[in-house]
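Residue numbers (the working numbering): 762 to 1111.
Worksheet: the structure to be examined is printed underneath.
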Ligand SMILES: [Zn+2]
């Protein structure tokens, strides 16, 4: 089992890994977040789990100091609070200093935590919000508040606050064929044929479907020719996560899917679309045009279609829930039959 990464993260108390895994200590029967301030255990006593529930099922109790069974790490809470303030500022000027003051934290700390959790700095987020506001206000004359309501900003705030997913604003690594990316993957059989699940240290970076295991591996290598790829069928996280996905495909409840950590690599626009897709409930569908209107860019239906077509994380970014105007299935990167099967299963299971 390849757990070197995770053990190093435990030694470093690396906050990037908070939410990616928990570790149990056999000698004490307690499990912790990677960032737990407690003394480091001996490596041969440690066992890794993808989810707190799995640690509990294996008989471990949550640590009182780092509370790994609580849904959010303090960092995520800080990032959420900062997002809420940025949101509430409604495009008004808001400095990092003010943000720190309102949160009773040093500006430096807010900056660091925010960047780590959100993938962008508070200043970048504030600028982006201002641009969005300005555009919306210009396009839709009557009133800014009506315009923002129209554009669905009430629900787009989920984008910033309602997700544990990480995303990169600059897809540099992706554009360079995954140079510098360290990826582990597994291939398993599922209700839709073969499924490949890949992860970086930050979370799931690809879920793909195919007819053979070889074809899936070849496609991954073709897409990330410069990445360090390693097949790791015994990897504890990959096993746990692919089980969650398989269970869902076999008719299981969708709740567990939302908890899986994602490492989405894409432009700000793609990340935005992917996040909107994640808010479409199972059993429902949207058209490309509806999504374009929802983000306040009603003419961007084709760009939305492209963002769907370039999604690499099937199911968890449910691009299968987007249909052509008028309800036509249109394409699906992993085959229209699979798209039809997924939608049928979700309609019946919802
Ligand atoms: Zn702990």
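Ideal Cβ placement from N, Cα and C applies to all residues, glycine included.
query, result
"Proximity test, residue 794 beta-carbon vs ligand 1 heavy atom, cut-off 7 angstroms", "yes"
"Span of the alpha helix (DSSP H) around residue 1050", "1049-1055"
"Assigned secondary structure, residue 810 (DSSP; H/G/I helix, E/B strand, else coil)", "strand"
"Reduced DSSP secondary structure (H/G/I, E/B, other) of residue 885", "helix"
"Any non-hydrogen atom of ligand 1 closer than 7 angstroms to residue 799 Cβ", "yes"
"Rounded separation between residue 813 and residue 959 - CA only", "20 angstroms"
"Residue 826 Cβ short of 7 angstroms to ligand 3 heavy atom set", "Among the ligands in the structure shown, ligand 3 does not appear; only ligand 1 can be found there."
"Residue 862 burial status per 10 Å Cβ neighbour count (16 or more: buried)", "exposed"
"Residue 780 classed as buried or exposed, judged by whether at least 16 other C-beta atoms fall within 10 angstroms", "buried"
"Cα-Cα separation, residue 1009 to residue 1030", "28 angstroms"
"Boundaries of the alpha helix (DSSP H) in which residue 793 is found, first to last residue", "Element bounds for residue 793: not the alpha helix (DSSP H) but the beta strand (DSSP E), 791-793."
"Every unbroken beta strand (DSSP E) inside the segment 971-1009 [3 residues or more]", "989-992"
"Which listed residue (994, 1052, 964, 997) has its alpha carbon closest to that of residue 1018", "964"
"Separation of residue 966 from residue 984, as counted between CA atoms", "12 angstroms"
"Top-ranked residue by Cα proximity to residue 992, from 765, 1026, 946, 953", "946"
"DSSP-derived helix/strand/coil call for residue 960", "strand"
"Proximity to residue 794 [Cα-Cα], best of 778, 805, 1065, 1034", "778"
"Sequence-distant residues of its chain with Cβ nearer than 6 angstroms to residue 1007 (five each side left out)", "951"
"Neighbour-count burial assignment, residue 1042, 16 or more Cβ in a 10 Å radius", "exposed"
"Where residue 858 falls: helix, strand or coil (DSSP)", "helix"
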